[in-house]
Amino acid sequence: PGASAEFTVRGTLADLGFTTPGGVYLFGVNVRGTADASSNFQTLAQSRTFYVDAPAKKLPLTSIVVLSATPSKVRPNVFADERLLDELKGRLDSLLSLAGRSGMSWLVDPALIDEVTDMADGYDVVDGKQTRPGTGQDLAQDWLQRFRALPENHGGRTLFANPDVLGAEKNKAADVLQRAAAAASTVPELNKLPLVVLPYAGVVGPTTPAWLKGADADAIAVTTAGRGPIVTAGPSGSTLLRIAPSATAAGPGTENGPVQQAQRQYAEAIYGGGLIRLISTAEDAAADAATSPRWLSRTGLDKLLDDDPDGPAATLTLPAKTTTLPASRFRQYAGLADDFAGYRDLVPDSLLAADAPATLSRLISTDWIGASGAGPWLAAVNSTVSSAAVDDQVLLSASPRVLMSSRSNEFPVTVINRLTEPIVVRVVFASDNPQRISIADTTLITVGPGQSQTVNVRPEASSNGLVNVTASLRTTSGKPIGHSTRIAVEVTDLGVIGWIIVIVSGVVLVATTALRIHQVRRKQREEEL
17 PGASAEFTVR GTLADLGFTT PGGVYLFGVN VRGTADASSN FQTLAQSRTF
67 YVDAPAKKLP LTSIVVLSAT PSKVRPNVFA DERLLDELKG RLDSLLSLAG
117 RSGMSWLVDP ALIDEVTDMA DGYDVVDGKQ TRPGTGQDLA QDWLQRFRAL
167 PENHGGRTLF ANPDVLGAEK NKAADVLQRA AAAASTVPEL NKLPLVVLPY
217 AGVVGPTTPA WLKGADADAI AVTTAGRGPI VTAGPSGSTL LRIAPSATAA
267 GPGTENGPVQ QAQRQYAEAI YGGGLIRLIS TAEDAAADAA TSPRWLSRTG
317 LDKLLDDDPD GPAATLTLPA KTTTLPASRF RQYAGLADDF AGYRDLVPDS
367 LLAADAPATL SRLISTDWIG ASGAGPWLAA VNSTVSSAAV DDQVLLSASP
417 RVLMSSRSNE FPVTVINRLT EPIVVRVVFA SDNPQRISIA DTTLITVGPG
467 QSQTVNVRPE ASSNGLVNVT ASLRTTSGKP IGHSTRIAVE VTDLGVIGWI
517 IVIVSGVVLV ATTALRIHQV RRKQREEEL
């Protein structure tokens with residue numbers, strides 16, 4: 017009880033029947049026993065693995081280092097946190113060193129290079145409602161310099177921010193590919209690299225390649241294409257790269273030790289005529305660095321993509337349960353796109369709005385799947401461009417009550433801009449009784465960042481009285497911005513017309529008095545006669 021014992025079994029491959037070159041065999045041990053000295057033996061434990069016999073010729077092994085990170089940039093020169101700095105010190109530092117080794121290939125997310133480049137020339141980090149200077153400028157410069165020294169012939173790029181293409185397809189998220197392409201165009205140093213789409217866990221369905229057609233990708237990395245050549249044709253004229261399961265994926269049975277993991281991948285290599293490994297973690301890197309059999313030969317990504325896939329198109333099959341971003345994330349995606357459109361309308365020459373494709377792509381990045389931090393990141397983005405945030409930063413000020421002493425007077429209204437970019441708006445007025453009092457809309461007004469602009473408006477009145485008027489701001493296209501304000505306009509009409517009435521009344525009074533005196537005197541003369 018509580019003890020252990022070791023044993024050794026010896027035999028030849030021929031004894032086991034492992035005689036076919038390039039064969040894959042299921043191999044294992046059962047432990048059977050009884051505790052009551054009877055012959056009722058039962059299986060108490062078991063262990064399984066694959067045994068792979070060396071093929072007659074060498075097969076390619078392509079190890080691809082994936083350089084990407086969970087998004088942290090919220091707008092130009094501003095980051096939600098220092099998450100990327102920690103990555104550059106640790107995981108991304110190790111992966112970059114690995115990508116530079118002989119025989120290794122690499123894929124880079126353009127969003128990562130965009131963020132590191134932004135860090136390298138100085139940046140700020142969100143700190144409550146304010147920002148503070150970031151501390152990773154020097155480290156970002158060093159990492160970027162090392163990245164640019166990588167051999168381009170073994171490199172490739174992904175879609176900007178690796179958007180969740182399967183989730184986008186399911187949720188009918190329009191313009192995902194166009195926005196990813198627009199964002200990637202802002203990182204021109206990567207444009208010549210081949211484009212490889214990396215769906216989450218390599219899971220795509222039979223209709224996904226057609227949905228991805230607009231990306232004009234060189235290949236799609238998949239795990240749902242069954243067994244076959246590692247480079248194969250797919251639906252809709254696509255090229256598929258069959259990637260091996262994770263280096264930590266278990267072999268057969270319940271055991272998941274290093275032997276089972278390695279032999280599982282070697283079995284995949286036999287069935288696929290080679291092996292493509294994606295390396296994005298320290299565990300992946302350690303497994304790749306372990307001794308590989310001599311029949312696997314390091315081959316660059318460029319050579320894989322040079323091969324024209326032949327044979328029939330592979331069939332893509334979705335598993336019963338797929339992992340994507342939730343549907344609520346794609347509703348946020350559509351809402352943020354509307355917010356950016358409204359912001360661009362308010363700030364026609366906005367640098368922030370020009371970054372919309374990149375920010376929207378980051379919102380649906382596969383790096384958010386299973387990761388934390390999306391809430392604070394999205395809150396930081398919304399604090400600048402959301403309609404609610406803009407409404408709190410663009411204000412209209414006017415006196416709540418205006419008294420008109422003539423039928424055409426002027427009074428001031430002030431537009432206040434607390435945003436960091438200049439806005440273009442007009443003030444529009446809606447009268448409760450336009451037949452009595454109306455106010456014409458202003459022309460377009462440009463208000464600088466952190467400034468205010470006052471303009472005079474001229475009501476037109478047709479009669480005396482009190483009329484409520486609603487003043488509000490509109491963008492160049494007429495979209496409401498900010499909060500409206502109510503103005504009570506009262507017309508007393510005591511101007512020129514009032515003086516005319518007073519003078520006329522005085523003349524009438526004098527004339528009436530003179531006439532009365534004349535009448536009285538005439539009557540007195542008549543009585544005297």
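Just remember that my numbering sits 16 ahead of the position in the sequence shown, which is counted from 1. The beta carbon of each residue, even a glycine, is placed where N, CA and C say it ideally should be.
Residues near residue 294 in its chain [Cβ-Cβ closer than 6 Å; skip 5 each side]:
Residue mapping note: residue 294 aligns to position 278 of the sequence shown, counting from 1. Only 80, 82 and 259 meet the Cβ criterion.
Do residue 257 and residue 237 count as a contact pair if the criterion is CB distance below 8 Å?
Counting from one through the sequence shown, the residue named residue 237 turns up at place 221. Counting from one through the sequence shown, the residue named residue 257 turns up at place 241. Yes, the Cβ-Cβ distance between residue 237 and residue 257 is below 8 Å.
Please state the DSSP three-state secondary structure of residue 42.
Indexing the sequence shown from 1 puts residue 42 at position 26. Of the three classes helix, strand and coil, the one that applies to residue 42 here is strand, per DSSP.
Uninterrupted beta strand (DSSP E) stretches inside the stretch 304-382 (no shorter than 3 residues):
312-314
Which residues does DSSP pair with residue 57 in a beta bridge?
Taking the sequence shown and counting its residues from 1, the one referred to as residue 57 is at position 41. In DSSP, residue 57 forms no bridge with anything.
Nearest-angstrom beta carbon gap, residue 443 and residue 419 [assumed within contact, 8 Å]:
Your numbering for residue 419 matches position 403 in the sequence shown. Your numbering for residue 443 matches position 427 in the sequence shown. At roughly 20 Å, the Cβ-Cβ gap does not stay under 8 Å, so residue 419 and residue 443 are not in contact.
Under a Cβ-count criterion, where at least 16 other Cβ atoms within 10 Å of its own Cβ denotes burial, should residue 92 be classed as buried or exposed?
Taking the sequence shown and counting its residues from 1, one reaches residue 92 at position 76. Exposed: under 16 other Cβ atoms inside 10 Å.
Beta-carbon proximity of residue 78 to residue 315, cut-off 8 Å
Looking up residue 78 in the sequence shown gives position 62. Looking up residue 315 in the sequence shown gives position 299. Yes, Cβ-Cβ distance for residue 78 and residue 315 is below 8 Å.
Among 188, 160, 195 and 120, whose alpha-carbon lies nearest the alpha-carbon of residue 171?
Counting from 1 along the sequence shown, the entry for residue 171 is found at position 155. Measuring from the Cα of residue 171, the nearest candidate turns out to be 120.
Do the CB positions of residue 377 and residue 165 come within less than 8 Å of each other?
Locating residue 377 in the sequence shown gives position 361, where the first residue counts as 1. Locating residue 165 in the sequence shown gives position 149, where the first residue counts as 1. Not a contact, by the Cβ cut-off of 8 Å.
According to DSSP, is residue 25 helix, strand or coil?
Position 9 of the sequence shown, counted from the start, is the residue given in the question as residue 25. Residue 25: coil per DSSP, three-state reduction.
Let's see if you can read the secondary structure: which residues bound the alpha helix (DSSP H) around residue 398?
Along the sequence shown, read from residue 1 onward, the residue named residue 398 stands at position 382. Taken as a continuous stretch (DSSP letters only), the alpha helix (DSSP H) holding residue 398 covers 390-401.
Whole angstroms is fine: what's the gap from residue 90's alpha carbon to residue 375's?
Within the sequence shown, numbered from 1, the residue matching residue 90 stands at position 74. Within the sequence shown, numbered from 1, the residue matching residue 375 stands at position 359. Answer to the nearest angstrom: the Cα atoms are 7 Å apart.
Touch test, the stretch 183-190 against the stretch 154-168, Cβ-Cβ under 8 Å, three pairs minimum
no
In this structure, what does DSSP give as the bridge partners for residue 469?
As a first step, residue 469 is located in the sequence shown; it is residue number 453 there, counting from the start. Its beta-bridge partners are 431.
8 Å Cβ cutoff met for residue 440 and residue 492:
Numbered from 1 along the sequence shown, position 424 holds the residue referred to as residue 440. Numbered from 1 along the sequence shown, position 476 holds the residue referred to as residue 492. Yes, Cβ-Cβ distance for residue 440 and residue 492 is below 8 Å.
How about residue 281 and residue 65: are their beta carbons less than 8 Å apart?
Residue 281 sits at position 265 when you count from the first residue of the sequence shown. Residue 65 sits at position 49 when you count from the first residue of the sequence shown. Contact flag unset, no.
Alpha helix (DSSP H) containing residue 438: first to last residue?
By one-based count along the sequence shown, residue 438 stands at place 422. Looking at the DSSP string, residue 438 is not in any alpha helix (DSSP H), and its letter there is neither H nor E.
Could you name the residues of the same chain whose beta carbon sits closer than 6 Å to that of residue 464, not counting the 5 residues immediately before and after it, in chain order?
As a first step, residue 464 must be located in the sequence shown, where it is residue number 448. Exclusion of the five residues before and after residue 464 leaves 438 as the residues of its chain whose Cβ lies within less than 6 Å of its Cβ.
How would you call residue 215, buried or exposed, if buried means at least 16 neighbouring beta carbons within 10 angstroms?
Start at 1 with the first residue of the sequence shown, and residue 215 comes out as number 199. Classification for residue 215: buried.
Closer than 8 Å to chain B by CB, residue 491
Looking for chain B here will not work: only one protein chain is present.
From this set, 146, 117 and 99, which residue's C-alpha is nearest residue 132's C-alpha?
Here residue 132 refers to the residue found at position 116 of the sequence shown. Among 146, 117 and 99, the Cα nearest to that of residue 132 belongs to 99.
Among 373, 344 and 33, nearest to residue 356 - alpha-carbon criterion
As a first step, residue 356 is located in the sequence shown; it is residue number 340 there, counting from the start. For residue 356, the nearest C-alpha among the options comes from 373.
Any chance the stretch 458-475 sits against the stretch 380-393, with 3 or more Cβ pairs inside 8 Å?
Short answer: they don't touch.
When you compare only the Cα positions, how much space is there between residue 302 and residue 107?
By 1-based counting over the sequence shown, the position of residue 302 is 286. By 1-based counting over the sequence shown, the position of residue 107 is 91. Looking at the two C-alpha atoms, the distance is approximately 13 Å.
Could you tell me whether the stretch 322-335 touches the stretch 396-416, where touching means 3 or more Cβ pairs closer than 8 Å?
no
My output table needs one value for residue 510: the three-state DSSP class, helix, strand or coil.
Position 494 of the sequence shown holds residue 510. Any reading at residue 510 needs caution, since the residue's pLDDT is 46, under 50, leaving its predicted position unreliable; the model's value is listed next. Residue state, collapsed to three classes: coil.
With three or more C-beta pairs closer than 8 Å as the rule, is the stretch 134-146 touching the stretch 186-203?
The answer is no - the stretch 134-146 does not touch the stretch 186-203, with fewer than three Cβ pairs under 8 Å.
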